[in-house]
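For the sequence shown, the residue numbers in this note's numbering are 2 to 215.
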Amino acid sequence: MLLGLSPLLIVAVGALLLMLIEALSKFRDERVESPSASLAASSAVVLFASALSAIGVWLHGPENLPDLATLAPYLLIDRFSLFFFVILTLGGALSCLLAGGYLPEHNLDRGEFYPLLLLSTVGAMALAAAADLLTIFIGLEAMSLGVYSMVAFRRGSPRAVEAALKYFLLGSFAAALLLYGGALLYGATGHTDLAGIGSQLANTGLRFAQPNSE
């Protein structure tokens, strides 16, 4: 099970370690290279390692890992989700490398950007592997919270704060609608897992499609 979850776990643990390093570090000597460069490189290494792990699970075959069945119906680690794991982690690594030069250039050299990016990536990866309404909601919110903060990262810019506030309000309304729709689906089918919902809706549709025997 740990092998199948390793792409997610690598990014999650890496984000926590980067937060600890940033919180405990007192190194702020401007004569030496900016700490943002080392954090950017470390974040990129974590994401590249996660991508390599996802490729390794793909080559090994997720169907050859029977322990992954214990994650069902909340997470489904298959070739579809592994493909998106690779896309998300490589995109996140490229963003980290670009941010390492962009943030200091625009006086935004604060290390919390990289843990936020990693946590958003974890949420997106969980969303890609979600097979249950609850997991979809948790993954979406984990991804969105980090993105809200990154949108408002330029604290002195009124436009950045306005954009983050608008995004937060729209995201809150969307999350409320998602919860309401999930509650309706659960009430109609008695399931929160996508497979159970699909099966129940298919059976209901077949019953409605049957001609009247009278």
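Built from N, CA and C at the ideal position, the CB exists for glycine as well.
- A distance of 9 Å or more separates the beta carbons of Gly-124 and Gly-112.
- In the DSSP assignment, Leu-119 falls within the unbroken alpha helix (DSSP H) covering 114 to 130.
- Selection Leu-53, Ser-158, Gly-101 and Asp-133 evaluated against Phe-86 yields Leu-53 as nearest (Cα-Cα).
- About 12 Å separates the CB atoms of Phe-138 and Leu-186; that is not less than 8 Å, and the two are not in contact.
- For Ala-165, the CB contacts under 8 Å within the same chain, skipping 5 residues up- and downstream, are Tyr-149, Ser-150, Val-152 and Ala-153 in chain order.
- Val-58 counts as buried, since no fewer than 16 other beta carbons sit within 10 angstroms of its beta carbon.
- The beta carbon of Leu-89 lies closer than 8 Å to those of Thr-122, Ala-125, Met-126 and Ala-129 in the same chain, with the five residues before and after it left out.
- Assignment of Leu-109 by DSSP, reduced to helix, strand and coil, places it in the coil class.
- Rounded to the nearest whole angstrom, the C-alpha separation of Leu-109 and Glu-163 is 18 Å.
- The beta carbons of Leu-120 and Leu-91 sit no closer together than 9 Å.
- When DSSP states are grouped into helix, strand and coil, Asp-79 belongs to the coil group.
- DSSP links Asp-68 through a beta bridge to no other residue.
- Under a 10 Å Cβ-count criterion, Tyr-115 is classified as buried, with 16 or more other Cβ atoms of the shown protein chains found around its own Cβ.
- Annotation: Ala-153 is outside any alpha helix (DSSP H) and is labelled neither H nor E by DSSP.
- In this structure, the straight-line span from the alpha carbon of Thr-193 to that of Ala-184 is close to 9 Å.
- By the neighbour-count criterion, in which a residue is buried when 16 or more other Cβ atoms sit within 10 angstroms of its Cβ, Ala-175 is exposed.
- Contact annotation, Ala-196 with Ala-132: C-beta distance approximately 7 Å; criterion of less than 8 Å satisfied.
- Scanning Ala-161, Ala-38 and Leu-19 for the CA closest to the CA of Glu-106 turns up Ala-38.
- Note that the C-beta distance between Leu-18 and Leu-10 is not below 9 Å.
- Here Leu-83 is near Ala-55, since their CB atoms are less than 9 Å apart.
- According to the DSSP assignment, Ser-26 belongs to no alpha helix (DSSP H), since it is labelled neither H nor E.
- Spanning the alpha carbons of Gly-172 and Arg-155 requires a straight line of approximately 20 Å.
- If you draw a straight line from the Cα of Gly-102 to the Cα of Ser-96, it comes to about 10 Å.
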